[in-house]
Amino acid sequence: MSFFSLLGALEIGLVFSLVALGVLISFRLLRFPDLTVDGSFPLGAAVAATMISAGFNPFAATGCAIMAGALAGWVTGWLNIKLRIMDLLASILVMIALYSINLRVMGRPNVPLITEPTVYTMLQPKWLSDYMARPLILLVVVIACKLLLDWFLSTELGLALRATGANPRMARAQGVNTGRLVLGGMALSNALVALAGALFAQAQGGADISMGLGTIVIGLAAVIVGESLLPARRIALATLAVILGAIVYRFFVTLALNIDFIGLQAQDLNLVTAVLVTIALVIPRLRRRRRPGQGA
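Sequential numbering of the sequence shown, starting at -3, is according to the working numbering.
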C-alpha cells in the first residue's frame, strides 16, 4: 500500500470519526437507534457545496451545514418525543424525507467543487502540499470536537443527558426533562454528522446525492471497532476509542482493497465492512471466555 493510500485512508478515517462521535451520542449515550445519519451526512455536504458554489464563504457554508444537520436530528427527536412515533421509525421517516430535501437543496444530483475555495484551501499553508494539509486540518478539527464533547458531557447538562440514556425513569425522578435532552442530544449528534459531510464534500471535490448510503453502518463499525480496541467507561476514553476505531476501520478497508492476492475491488466495500464488524463483535466474547474463572 502506497504512502498516498495511507494518507487517503487517514483523511477519510478522520472525517468518519466525526460520524462515529455522533453515533456514539445517539446509540450509546441516548440508546436511540438513529438512521437519520444516512440523510444528515449528505445534507451537510449538500448545504456546504451549494453555498460554496454560490459564492458564500466556506466557513459560513460549513456552519450552515452544521445547523441543518442539527435541525434534522431535532426533527427526528421531535417525532419520537412529541408525536410518540417509535424511535427507529422516526429516524427512517426523516432519512427518507432528507433524500428529497437534499435534491431540493442541490437542485441536481451532484454539485462539483473542483475550482471552488474550501476550508482546506483557505487554511492550507503555502509550504505544505494539499495531500498533507488536509489530514492535518482534519486532525485539528477532530481533536477540537472531541475535547469540546468531553467537556460538555462532563457538565451538569451533559451528565443529565447521559443519565437520560442510561436510566430515563430515574432521571425524570431527579427532575431532569428527558424529552428536551433527547431533542438536544439528537441535534448534537446529527450536527457532528453534517459537519463530517460538509468536510467530506470539500475534501472530495463535490457533493453527491448518493454519498450518504451506508454512513450509519460505517459509524457503527467505528464505534464497535473502537470499543473492542479500547474498552473504557470514562467518557474521554470512549470518545478517543471511537476516533481510533474510525481510523483503524478505514485503514483495514484500504489495506483489504489494495492487497492484490485477495482480489477485492471497490464494489466489495460493504462486504469488507460486514466482515470487520463481525470480527469486532466476536473479539469481546472471546476475551470474556479466556478470563480465568469465567465458567465457574
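Quick reminder that beta carbons are idealized off the backbone N, C-alpha and C, glycines included. Note that the structure is a prediction, hence the values are computed from the model and not measured.
Check	Outcome
R281 versus R27: straight-line alpha-carbon distance, rounded	21 Å
Exposure of E152, with buried meaning 16 or more beta-carbon neighbours within 10 Å	exposed
DSSP three-state assignment for V295, whether helix, strand or coil	The structure shown has nothing for residue 295, since the chain only spans -3 to 292.
Rounded distance between the beta-carbons of T72 and V90, thought under 8 Å	5 Å
Sub-8 Å separation of A61 and G193 beta-carbons	yes
Alpha-carbon spacing of I77 relative to E112, whole angstroms	41 Å
C-beta atoms of L10 and L134 nearer than 8 Å	yes
Where G291 falls, given that 16 or more other Cβ within 10 Å makes a residue buried	Model confidence at G291 stands at a pLDDT of 47, short of 50, so the residue's coordinates are unreliable; what they give is reported in the following sentence. It counts as exposed.
6 Å CB neighbourhood of F148 in its chain, flanking five on each side removed	G154
Residues that DSSP places opposite N106 in a beta bridge	D204
Reduced DSSP secondary structure (H/G/I, E/B, other) of I81	coil
Rounded C-alpha distance that separates S206 from L94	12 Å
Given M63 as reference, the closest of D204, S185, A217, P227 once Cα atoms are compared	S185
Cutoff 6 Å; reference D204; Cβ partners in own chain excluding five residues on either side	N106
F12, buried or exposed, once every other Cβ within 10 Å from all chains shown has been counted against 16	buried
Where Q198 sits in the DSSP three-state scheme	helix
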